[in-house]
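Below is one structure, written out as structure tokens; the observations come after it.
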Amino acid sequence: MWNWQPLGHGVETLFLVTPLTWWINFGVHIYQYKGFQIDAGPLRTLRYTSRAEALFITHTHEDHAGGASRLSLPIFTGKEAAYLLQNPPPLPLYRRLVWGTVKPVPAQAAERVGSFFLVPTPGHSPEHVIVYDEETGVVFGGDLFLSVKANLASPGFNVQALIHSLKKVIELAPRRFFCAHAGAVEEPVKALKAKVDFLELTRDQALLLKRKGLRPSEIRDRLFGGESAWALLSGGIMSRLRFVYALLDES
Ligand SMILES: [Zn+2]
Numbered sequence: 002m003w004n005w006q007p008l009g010h011g012v013e014t015l016f017l018v019t020p021l022t023w024w025i026n027f028g029v030h031i032y033q034y035k036g037f038q039i040d041a042g043p044l045r046t047l048r049y050t051s052r053a054e055a056l057f058i059t060h061t062h063e064d065h066a067g068g069a070s071r072l073s074l075p076i077f078t079g080k081e082a083a084y085l086l087q088n089p090p091p092l093p094l095y096r097r098l099v100w101g102t103v104k105p106v107p108a109q110a111a112e113r114v115g116s117f118f119l120v121p122t123p124g125h126s127p128e129h130v131i132v133y134d135e136e137t138g139v140v141f142g143g144d145l146f147l148s149v150k151a152n153l154a155s156p157g158f159n160v161q162a163l164i165h166s167l168k169k170v171i172e173l174a175p176r177r178f179f180c181a182h183a184g185a186v187e188e189p190v191k192a193l194k195a196k197v198d199f200l201e202l203t204r205d206q207a208l209l210l211k212r213k214g215l216r217p218s219e220i221r222d223r224l225f226g227g228e229s230a231w232a233l234l235s236g237g238i239m240s241r242l243r244f245v246y247a248l249l250d251e252s
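Numbering (my numbering), first residue to last: 2 to 252.
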């Protein structure tokens, strides 16, 4: 389980879970490619070895960045993420318990490292970047995609920014796309376009229901059939209600 799995085309992955997430098989994929590692995984996970010589961090959520403090690799990320990695804000108890904390680490802001571009893609979180290899068209998408119909939002989530970022990545025409939660995404351009369509359609429906006088919780129930179990599990940090507020631009 803790061995790197080859995915073809020189990409390897590890799927990392924590003592509190393994039973629902919820974890995060980290990747190795061309001597780089993409994301570090959480701190509260088993130790693994990395053959990489440097680390890219897509964003500073604890399931992606927490493990960076024990890797002692040079870290490259976007400008905002570099600041946050050096000055991590305190995390709510739930997030510390589930994934572990994020300790300060030195990180370098970069737009380009070798053939890799770190492309700002805010939306899931403001500091999010994807890693794009211009030589091969391989993209490591962090939490940009997740799934076409992902409808959970956490603090910092912004629908308009996400739509804009998805369109930016579609323009890059990625040949292969590796998501931190979904793994390898088949036909990435088609999948990313489907997500844009879902977000635009759902936003229009939410705004229409608002004009009809429905409250955000009623809009959530109408669009998604109620709240997700994650809202309870996360103490309200991740929820569909927050997603609806983002659709209405009221977050
Ligand atoms: Zn995230």
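For every residue, glycine included, the Cβ atom is placed at its ideal position computed from N, Cα and C.
Check	Outcome
Please say whether Tyr133 and Val120 have beta carbons closer to each other than 8 Å?	yes
Mind listing, in chain order, the residues whose beta carbon lies closer than 5 Å to a non-hydrogen atom of ligand 1?	His62, Asp144
Note down, in chain order, each residue of its chain lying with its Cβ closer than 8 Å to the Cβ of Asp250, except the 5 sequence neighbours on either side.	Val160, Gln161
Measure the alpha-carbon distance for His165 versus Leu147 and round it to whole angstroms.	16 Å
Is the beta carbon of Glu63 less than 8 Å from the beta carbon of Gly101?	yes
When you compare only the Cα positions, how much space is there between Val149 and Thr50?	32 Å
Ignoring anything shorter than 4 residues, give me the alpha helix (DSSP H) runs that lie fully in the stretch 55 to 141, in order along the chain.	63 to 66, 80 to 87, 94 to 100
With DSSP collapsed to three states, give me the class of Glu188.	coil
Arg177 by DSSP, collapsed to three states: which one?	strand
Do Ala53 and Phe77 count as a contact pair if the criterion is CB distance below 8 Å?	no
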